[in-house]
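Enquirer: Handing you a structure now.
Chains as they are written, first to last, in the UniProt record's numbering: chain A, 1 to 331; chain B, 1 to 331.
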């Protein structure tokens, strides 16, 4: 497909909590007309698709007006969604957080908007975005880790997003770090996600409070059962020793998983995104210490570990990069 | 470098226990003049290098005579060695099993033999060998796992050996599977190698016998402390229930590690090599069951898990593949 007169590509980042849409200049740059809305997945798949389509149409209209651009200035839509999924058919095979099974997400959006579209895993897209425009723009090999309701990952090797044999590569959240450890939502025991996802951080914090340790957490949350990962970060910033311990444990668990990644992939860069990065050095210092302890020295020394530099838009930018790569063969 | 008249390349596979050398036809095929000798690393680095050089010279002489070939028929030498190592300088940075540090292995061999040489990690080479000529010859993405005194790994992605940022990729043996588990030789806790290497299998077998369970193992080994992984496989074949349990546990630990690999890399094929594969279905059945339990379904279904098909010569063949790739740009 030739570029023709296209100046813009729409990026869509569908998550379990929020949908983000933005319009990215063809050659990269800050997304315009960015909008964020709740996914409200409990209202059903049709509702979510209609909402995504409306957000895309509104964003296109906004950019078209502001830039005086015609319809032919928009090349298409890159979509990132939780997986596993099939890129070729544009189908989401299954996604626990959204409840979809064999759902033809790409074509529903493409047909409703009337523009070509591509589908890729959301964490893959975010990592590709970091490589194209963000923290990884000067290196070849980047592993991205997204910490949220779940833990996702993406792997860019020598500038190419690694999809694997069945588009399932980079599922870092379900790496076992303790084979007889905490039960994970996936049914297994000891997955990284069972320790370091947002809900897991909250669950560990609540469990520890049963021993009646002094902490700001119950007060900040209103009641102990309303504690979230955000409450933990807030309490850490306010100097709460118990919350700091919970975060420190999180950093250690995460360090075990990331040391495994460093030993296996030996990347130039690990980019970490998600709410937990707000804790800054409270997270990164014990995290780096655990990695130094567990990873091979030559691999650990070659790898920088940084937070995302794209301010929550890595998924949008990366979905656009995926669209470019699939449509034109390069980014 | 052009191929000129070269018909043969020498492959060298240096391990903690044995050195293997063979001569491989330029376009692939069964290695000729294969020889295996003990490494005897305790006799020092010079002794080992002299032994390797003598083995190479003897192998070249044997093939030259048998094929009526002149010196210019031999293009060079591919060397596989435990790492970490630096391919560019041909230096072994450190290797716990051999005790070498910053050791210019490649150039010592090159200068003594008088042929160009390349150096790569032994498990990388073995995996590349499987991809070129062995179990992986029909697929794009192969992960190899070598189970011996240590556990090594190699990753071939879309036909390219993945070295990573500092030639350290594929170190699967020091993946943490139990962050507070068994102590590993590397100083950490819960590495895959601490459960499923040969010495770890023997150590777990000996520990369990302290509870005085009935087993053929002490009799087969002479005394309990002489039990090795080989003794365990022999006892399994003779139907010993305790040894079968030890092997079954090994398969489960290995399954945890390989499920992690499948979730991260999503390969077409996992090739397992080393003594433990002699246990056949006693190993592979519980191994596949654990992987099915822990890996993403779409990733697990895409991945065949097989023993090496190169009968102990994957390291030789793969070292030759590495030489070809580095010298001519392709295999």
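Every residue, glycine too, gets a C-beta built ideally from N, C-alpha and C.
Rounded to whole angstroms, how far is the Cβ of residue 192(A) from the Cβ of residue 257(A), which I believe are closer than 8 Å?
Expert: If you number the first chain from 1, residue 192(A) lands on position 192. If you number the first chain from 1, residue 257(A) lands on position 257. Correct: roughly 4 Å between the Cβ atoms.
Enquirer: Touching or not, the stretch 299-309 of chain A and the stretch 113-122 of chain A, by the rule of three or more beta carbon pairs under 8 Å?
Expert: Counting Cβ pairs under 8 Å, fewer than three are found: no touch.
Enquirer: Note the first and the last residue of the continuous alpha helix (DSSP H) segment covering residue 257(A).
Expert: Locating residue 257(A) in the first chain gives position 257, where the first residue counts as 1. It spans 241-265 - the alpha helix (DSSP H) in which residue 257(A) sits, taken as one unbroken run.
Enquirer: For residue 85(B), which residues does DSSP report across the bridge?
Expert: In the second chain, counting from the first residue as 1, residue 85(B) sits at position 85. Residue 85(B) is bridged to 92(B).
Enquirer: Contact defined as beta carbons within less than 8 Å: I believe residue 65(A) pairs with residue 316(A). What is the distance between those atoms, to the nearest angstrom?
Expert: Position 65 of the first chain, counting from 1, holds the residue named residue 65(A). Position 316 of the first chain, counting from 1, holds the residue named residue 316(A). Between residue 316(A) and residue 65(A) the Cβ distance is about 20 Å, and since that is not below 8 Å, they are no contact.
Enquirer: When you compare only the Cα positions, how much space is there between residue 107(A) and residue 73(A)?
Expert: One-based indexing of the first chain puts residue 107(A) at position 107. One-based indexing of the first chain puts residue 73(A) at position 73. If I take the Cα positions, the gap works out to 21 Å.
Enquirer: Using 8 Å as the threshold, is the C-beta distance between residue 283(B) and residue 247(B) below it?
Expert: Along the second chain, read from residue 1 onward, the residue named residue 283(B) stands at position 283. Along the second chain, read from residue 1 onward, the residue named residue 247(B) stands at position 247. Yes, the pair counts as a contact, with Cβ atoms nearer than the cut-off.
Enquirer: Assign residue 102(A) to one of two classes, buried (16 or more other C-beta atoms within 10 Å of its C-beta) or exposed (fewer than that).
Expert: On the first chain, position 102 is the one that residue 102(A) refers to. With fewer than 16 Cβ atoms within 10 Å of its Cβ, residue 102(A) is classed as exposed.
Enquirer: If you draw a straight line from the C-alpha of residue 128(B) to the C-alpha of residue 146(B), how long is it?
Expert: The residue you call residue 128(B) lines up with position 128 of the second chain. The residue you call residue 146(B) lines up with position 146 of the second chain. Cα to Cα, residue 128(B) sits roughly 12 Å from residue 146(B).
Enquirer: Counting beta carbon pairs with one atom in the stretch 195-206 of chain B and one in the stretch 275-291 of chain A, are three or more of them shorter than 8 Å?
Expert: In short, these stretches do not touch, since the Cβ pair count stays below three.
Enquirer: Between the Cα of residue 301(B) and the Cα atoms of 132(B), 324(B) and 259(B), which residue gives the shortest distance?
Expert: Translated into positions along the second chain, residue 301(B) becomes position 301. Per the Cα distances, 259(B).
Enquirer: On the DSSP letters alone, give me the boundaries of the alpha helix (DSSP H) that residue 20(B) sits inside.
Expert: Within the second chain, numbered from 1, the residue matching residue 20(B) stands at position 20. No alpha helix (DSSP H) contains residue 20(B), which is instead part of the beta strand (DSSP E) from 18-25.
Enquirer: Mapping DSSP to helix, strand and coil, what is residue 176(B)?
Expert: As a working mapping, residue 176(B) is identified with position 176 in the second chain. Three-state DSSP puts residue 176(B) in a strand.
Enquirer: If we cut at 8 Å on Cβ distances, does residue 121(A) have a partner in chain B?
Expert: Looking up residue 121(A) in the first chain gives position 121. Output row for residue 121(A): interface = no.
Enquirer: By the three-class DSSP mapping on this structure, what secondary structure does residue 98(A) have?
Expert: Position 98 of the first chain, counting from 1, holds the residue named residue 98(A). Three-state DSSP puts residue 98(A) in coil, outside helix and strand.
Enquirer: Under a three-way DSSP split, which group does residue 218(B) fall into?
Expert: Residue 218(B) sits at position 218 when you count from the first residue of the second chain. Reduced to three states, the DSSP call for residue 218(B) is helix.
Enquirer: What's the gap between the Cα of residue 91(B) and the Cα of residue 49(B)?
Expert: Within the second chain, the letter at position 91 stands for residue 91(B). Within the second chain, the letter at position 49 stands for residue 49(B). Using only the alpha carbons, I get a separation of about 13 Å.
Enquirer: Taking 8 Å as the CB-CB limit, is residue 177(B) close to chain C?
Expert: Among the protein chains in the structure shown, which are A and B, there is no chain C.
Enquirer: Where does residue 213(A) fall in DSSP's three states?
Expert: Indexing the first chain from 1 puts residue 213(A) at position 213. Three-state DSSP puts residue 213(A) in coil, outside helix and strand.
Enquirer: With three or more beta-carbon pairs closer than 8 Å as the criterion, would you say the stretch 121-137 of chain B touches the stretch 6-21 of chain B?
Expert: The stretch 121-137 of chain B vs the stretch 6-21 of chain B: in contact.
Enquirer: At a cut of 8 Å, does the stretch 175-184 of chain A reach the stretch 169-185 of chain B through at least three beta carbon pairs?
Expert: Contact holds: three or more Cβ-Cβ distances are below 8 Å.
Enquirer: Take the Cβ of residue 225(B) as the centre, count every other Cβ of all protein chains shown within 10 Å, and call the residue buried at 16 or more, exposed below.
Expert: For this step, residue 225(B) is matched to residue 225 along the second chain. Answer is exposed; the Cβ neighbour count stays below 16.
Enquirer: Hey, how far is the Cα of residue 40(B) from the Cα of residue 17(B)?
Expert: In the second chain, counting from the first residue as 1, residue 40(B) sits at position 40. In the second chain, counting from the first residue as 1, residue 17(B) sits at position 17. Rounded to whole angstroms, residue 40(B) to residue 17(B) spans 7 Å at the Cα level.
Enquirer: Tell me, please, whether the CB atom of residue 303(A) is closer than 8 Å to any CB atom in chain B?
Expert: Taking the first chain and counting its residues from 1, one reaches residue 303(A) at position 303. Yes - at least one Cβ of chain B is within 8 Å of the one on residue 303(A).
Enquirer: Going along chain A in order, which residues have a C-beta closer than 8 Å to the C-beta of residue 283(B)?
Expert: Taking the first residue of the second chain as position 1, residue 283(B) is located at position 283. Those do not exist, as residue 283(B) stays about 18 Å from chain A at its closest Cβ, beyond 8 Å.
Enquirer: What in chain B is Cβ-close to residue 332(A), meaning under 8 Å?
Expert: For chain A, the structure presents residues 1 to 331; residue 332(A) sits outside this window and is missing.
Enquirer: Along chain B, in chain order, which residues have C-beta atoms closer than 8 Å to that of residue 228(A)?
Expert: To locate residue 228(A), count along the first chain from 1; it is residue 228. Within chain B, no residue comes near residue 228(A); the closest Cβ sits about 25 Å away, beyond 8 Å.
Enquirer: Which same chain residues end up closer than 6 Å to residue 294(B) when comparing Cβ atoms and leaving out the 5 residues on each side of it in sequence?
Expert: Residue 294(B) sits at position 294 when you count from the first residue of the second chain. For residue 294(B), where only same-chain residues beyond five positions count, the Cβ hits under 6 Å are 259.
Enquirer: Tell me which same chain residues have a C-beta within less than 7 Å of the C-beta of residue 314(A), skipping the five on either side of it?
Expert: Position 314 of the first chain, counting from 1, holds the residue named residue 314(A). Closer than 7 Å at the Cβ level, and outside the excluded window around residue 314(A), lie 126, 129, 130, 134, 273 and 308.
Enquirer: Do the stretch 235-244 of chain A and the stretch 205-221 of chain A make contact, defined as three or more Cβ pairs closer than 8 Å?
Expert: In short, these stretches touch, since the Cβ pair count reaches three.
Enquirer: For residue 286(A), is the classification buried or exposed, using 16 other Cβ atoms within 10 angstroms of its Cβ as the cut-off for buried?
Expert: Counting from one through the first chain, the residue named residue 286(A) turns up at place 286. Residue 286(A) is buried by the Cβ-count criterion.
Enquirer: Under 9 Å Cβ-Cβ, which residues of chain B neighbour residue 256(A)?
Expert: As a first step, residue 256(A) must be located in the first chain, where it is residue number 256. Chain B residues near residue 256(A): 176, 179 and 190.
Enquirer: Pull up the CB-CB distance for residue 202(A) and residue 229(A), whole angstroms please, since I reckon it's below 8 Å.
Expert: Translated into the one-based positions of the first chain, residue 202(A) becomes position 202. Translated into the one-based positions of the first chain, residue 229(A) becomes position 229. Residue 202(A) to residue 229(A), Cβ: 5 Å. Contact.
Enquirer: For the beta strand (DSSP E) containing residue 187(A), list its first residue and its last residue.
Expert: The residue labelled residue 187(A) in the question sits at position 187 within the first chain. No beta strand (DSSP E) contains residue 187(A), which DSSP labels as neither H nor E.
Enquirer: Measure from the alpha carbon of residue 279(A) to the alpha carbon of each residue in 251(A), 268(A) and 262(A), then state which is nearest.
Expert: Within the first chain, numbered from 1, the residue matching residue 279(A) stands at position 279. Comparing Cα positions, the closest option is 251(A).
Enquirer: By the criterion of Cβ-Cβ separation under 8 Å, what are the contact partners of residue 164(A) in chain B?
Expert: For the purposes of this step, residue 164(A) is identified with residue 164 of the first chain, where counting begins at 1. Under the 8 Å cutoff, chain B gives 141, 265, 266, 267, 299 and 302.
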